[in-house]
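Q: Note that my numbering has the sequence shown beginning at 58, numbered continuously upward.
Note that the Cβ used here is the ideal one computed from N, Cα and C, for glycine as well.
The structure presented is a predicted model; accordingly, all values stated were derived computationally and were not measured.
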Amino acid sequence: MAGVRVQFSVREEMEYGESMYVVGDCPALGQWKAQKAVLLKEQTKQESAEDEPSNMVTWEGAVVLPKNTNVAFRFFIGKMIRPRPGKLMEPVIEVILWETNIQPRQILTPDFDDYELPLATFGSYDGSTTMSQGWLENQMCVQVRFHNNPIFMWKSKHRSQLYSIKCSPLDYELGVDGEDSQSSGQNSFFLEDSSLEGPPPCDRTAMMYYNLNQGELKPARQPPQGCLYKKDDYLVFTSRGFNQMHLGFQLDFFVHEKTGDPRFVGSAHLLPPKVERSLFSKRVPIIGLNHRPIGEIQVETLRITPLPIYDWKMDVSYQNHWKWRKDGATLNVGHRGMGSSYKRVANVKENTICSLFSAAQHGADFVEFDVLLTKDRVPVIYHDFSICLSTAKKAGNDKELLEVAVKDLCLSNLQHLKLFHRSSTSGGSSVEVSEDITEEDQLPFPTLQRCLQRVDQHLGFNIEIKYPQNLENGECEMENYFDLNVCIDRILDVILKHAGERKIVFSTFHADTCIMVNLKQNKYPVLFLTNGPTQRYTPYSDWRCTTFQHGISFAKAEGLLGVNLQAEGLLQDLSLIPHIQSLGLVLFVWGEDLNEEPVKQTLRNYGVDAIIFDRIGNPKPENFMCESNSSLLDLRVDLATHKAREDDLISSSGTCIDNPASSTLRHGNGV
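#1: If we count the other Cβ atoms within 10 Å of its Cβ and call it buried at 16 or more, is Ser374 buried or exposed?
#2: Which value, in whole angstroms, describes the spacing of the CA atoms of Pro48 and Phe299?
#3: With distances taken between CB atoms, is the gap from Leu165 to Gln190 smaller than 9 Å?
#4: Who are the Cβ neighbours of Thr698 in its own chain at under 6 Å, not counting the five residues just before and after it?
#5: My output table needs one value for Met71: the three-state DSSP class, helix, strand or coil.
#6: Quick check on DSSP: helix, strand or coil for Thr362?
#7: In the DSSP assignment, the beta strand (DSSP E) including Glu156 goes from what residue to what residue?
#8: When the Cα of Trp369 is compared with those of Val80, Asp666, Val63 and Asn662, which residue comes out closest?
#9: Would you grab the beta carbon distance between Val461 and Ile438 for me? Rounded to a whole angstrom, and I think it's under 8 Å.
#10: Are there 16 or more other CB atoms within 10 angstroms of the CB of Ile366, so buried, or fewer, so exposed?
#11: Which whole-angstrom value is the C-beta distance of Lys124 and Asp168, which I expect to be below 8 Å?
#12: Could you check the C-alpha separation between Asp250 and Gln307 for me, to the nearest Å?
#13: Going by other Cβ atoms of all chains shown within 10 Å of its Cβ, with 16 needed for buried, is Asp498 buried or exposed?
#14: What is the DSSP secondary structure of Pro635, reduced to helix, strand or coil?
#15: Kindly confirm or deny that the stretch 601 to 618 and the stretch 262 to 278 touch, where touching means at least three C-beta pairs closer than 8 Å.
#16: Please work out which residues of its chain come closer than 6 Å, Cβ to Cβ, to Val405, disregarding the five sequence neighbours upstream and downstream, and give them in chain order.
#17: Confirm, please, whether the CB-CB distance from Leu628 to Asp650 is below 9 Å.
#18: Could you check if Gln17 is buried or exposed, using at least 16 other CB atoms within 10 Å of its CB as the buried criterion?
#19: Determine the contact status of Ala119 and Arg162, defining contact as a CB-CB distance below 9 Å.
#20: What's the C-alpha gap between Arg672 and Cys544?
#21: Counting only the same chain and skipping the five closest in sequence on each side, list residues whose C-beta sits under 6 Å from that of Leu471.
#22: Would DSSP call Glu625 helix, strand or coil?
#23: Hey, could you find the ends of the alpha helix (DSSP H) Leu308 is sitting in?
#24: Decide if Val332 is buried, meaning its Cβ has at least 16 other Cβ atoms within 10 Å, or exposed.
#25: Could you spell out where the alpha helix (DSSP H) holding Ser415 opens and where it closes?
#26: Under the DSSP definition of a beta bridge, which residues are partnered with Met573?
#27: Could you check where the beta strand (DSSP E) with Lys339 kicks off and where it finishes?
#28: Per the contact definition of three or more C-beta pairs closer than 8 Å, is the stretch 503 to 521 in contact with the stretch 554 to 568?
#29: Out of Arg547, Ser598, Phe132 and Leu509, state which residue places its alpha-carbon closest to the alpha-carbon of His555.
#30: Would you tell me roughly how many angstroms separate the C-alpha atoms of Leu476 and Pro281, rounded to the nearest one?
#31: Kindly list the residues whose CB is nearer than 6 Å to the CB of Met573, restricted to its own chain and excluding five residues on each side of it in sequence; keep chain order.
#32: If we ignore side chains and look at the alpha-carbon of each, how far apart do Arg349 and Asp309 end up?
#33: Would a C-beta distance cut-off of 9 Å place Gly135 and Val152 closer than the cut-off?
#34: Among Asp290, Cys224 and Gly317, whose alpha-carbon lies nearest the alpha-carbon of Gly323?
#35: Pick out whichever of Lys90, Leu633, Lys577 and Gly664 has its Cα sitting closest to the Cα of Trp192.
#36: Taking 8 Å as the cut-off, is the C-beta of Ala612 nearer than that to any heavy atom in the ligand MG?
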């Protein structure tokens, strides 16, 4: 035998229809590609111990591997999705859950013909247990959500009752039964009972659920009579599949009475959308047993599409990993590089490559910056959704500042027009963004691609994805923005092509952006940013943003790495820190309070994972270097020039430039 026959075996609790696979770094194990992984065979269940779960199963399989070779591999739970007859599509393996310990399993194959590995426990090895949900490779994901007390029954006596909601996926694709409706005859609709049954159920699509307000922090399969909705709950149903543009849902309602089982009282139908939008909300009628409306329900739907084409591999994932420093010390993260510069004078302008360089020179482990799209869909680094243009009036030489959205300007406009910070329209001094600077690294609106290519690979990036949302006061941060799937796809495309080996952590205040980024890729971790209780910023209206506890529950349920909390609210309840740590979540902290050294030290003593603050000090040029010594020399010259400008400005005005409206304006939220 040319190779050694290696016997793999692993045990895990499995749901109906799921299988165990092994994937690894050699051709026989698929070279880390899920679609080429080896399917293991389910073994006949032996008599179980009393305390062993009834669905614990052993899976085994033999693979011929090269002798005397180091082989790396992982196990994953998957599901084989086969197309319907007549569909020109190959079977696809859906990854449901996979091992994501930072180092894969390792074996050194022996020099003999047969070798049996010890029975493994799925997810646990080398003293660590880390697993992540599968990403979207070919399939789509749909969330159907109910919150803000969405059920309204028309008779007052029914409004005080409790109801369960059962969500069932239906396939609305025409001709799924293999028949042409016209070939069955003109009166077939009236003559054939089967034609009255409606669209068939999607039996290949598992329906999972969680309730953020009930402490259910892990998605589970829905019960036969649905999930109970109580006052102020946030109930989420999730479905994955390959035909989601034809996917609709039947909502069955069961009333809970004092005695007996829940009783079916009516149903509603959510049809597939005619427009490919990521997020939409609609009110649909609830039809009772007498075929008449008995009420209505508000339904919110999020549709997540996979990235167009990408060669996904399973060799490494950082989505649930956080051990960047061996000593476990709190990381220092530079806020927008060296800190906010439009609210007060700074040595370097925020969110510029020069600012990122400077933070690296001063000992930052990571830098945090904001990313949004231009009109031509180029990801650029900038904090606010809008900017001010200087325009000439019809008569005279007077100029007027006009606020415009960044999304309405092309990259060339942003880099060549005379622009001012949006606070300039508030009646204060004009704060110019595009000063007369020729050095490219000092210019505002650097592209995300240039930042990835220009800044030293050893400096980690905390990338905050900006996406507008509604505020509690009824306003919206920015109307008519890009579709969410389009926005995330464009940003991820740039990162996956140009990030290299850089450490990257995503964060965002927009909860649905968190979900999308986490599902569209399998490499980088995601943090949920939240203000929590605040007097500095206008709160968001999204239930998941309103309190720290809501945000923590959301992050845990969606399998995020952790949360990024504002210091203002966290300092009021430091007991949240051990609570977050007990859930296995990573904790970043941001906010103006962190510019005070005692606050930073307090949070370090509590063991938070990272703090984001302005004006990182204690220069440590040995930690991170620019691309070359000449780049570092240029940086020092640039910083000296900016310092001279700052001194001149302060001496002429006597004060620092402040943005008095920055803490409360509709664009003011955000790290």
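A: Reading from the atomic positions:
#1: Counting of Cβ neighbours within 10 angstroms places Ser374 among the buried residues, the total reaching 16 or more.
#2: As shown, the chain starts at 58 and ends at 728. That puts residue 48 outside it, with no answer to give.
#3: Contact flag unset, no.
#4: Bear in mind that the predicted position of Thr698 carries a pLDDT of just 47, short of 50, making it too unreliable to give a figure here.
#5: coil
#6: Note: Thr362 maps to coil in three-state DSSP.
#7: Val149 to Glu156
#8: Val80
#9: Contact doesn't hold; Cβ gap of about 18 Å is too wide.
#10: exposed
#11: Confirmed, Cβ separation roughly 5 Å.
#12: Unreliable positioning characterises Asp250 in this predicted model, as indicated by a pLDDT of 48, which lies under 50. A coordinate reading is not provided.
#13: buried
#14: Three-state DSSP puts Pro635 in a helix.
#15: yes
#16: Excluding positions up to five away in sequence, the list reads Met395, Cys411, Ser412, Ser415 and His699.
#17: yes
#18: With the chain represented from 58 up to 728, any question about residue 17 goes unanswered, as that position is not in the structure.
#19: no
#20: 31 Å
#21: Phe502
#22: helix
#23: No alpha helix (DSSP H) contains Leu308, which is instead part of the beta strand (DSSP E) from Leu304 to His313.
#24: exposed
#25: Ile410 to Gln418
#26: Met573 is bridged by DSSP to nothing; it lacks a bridge partner.
#27: Its beta strand (DSSP E) spans residues Leu336 to Gly345.
#28: Enough Cβ pairs lie closer than 8 Å, so yes.
#29: Of the candidates Arg547, Ser598, Phe132 and Leu509, the one whose C-alpha sits nearest the C-alpha of His555 is Leu509.
#30: In a straight line, the C-alpha of Leu476 is about 59 Å away from that of Pro281.
#31: Ile361 and Ile545
#32: Going from the Cα of Arg349 to the Cα of Asp309 covers about 15 Å.
#33: Contact flag set, yes.
#34: Of the residues Asp290, Cys224 and Gly317, the one whose Cα lies closest to the Cα of Gly323 is Cys224.
#35: Lys577
#36: The model on display carries no ligand, and the ligand MG is accordingly not part of it.
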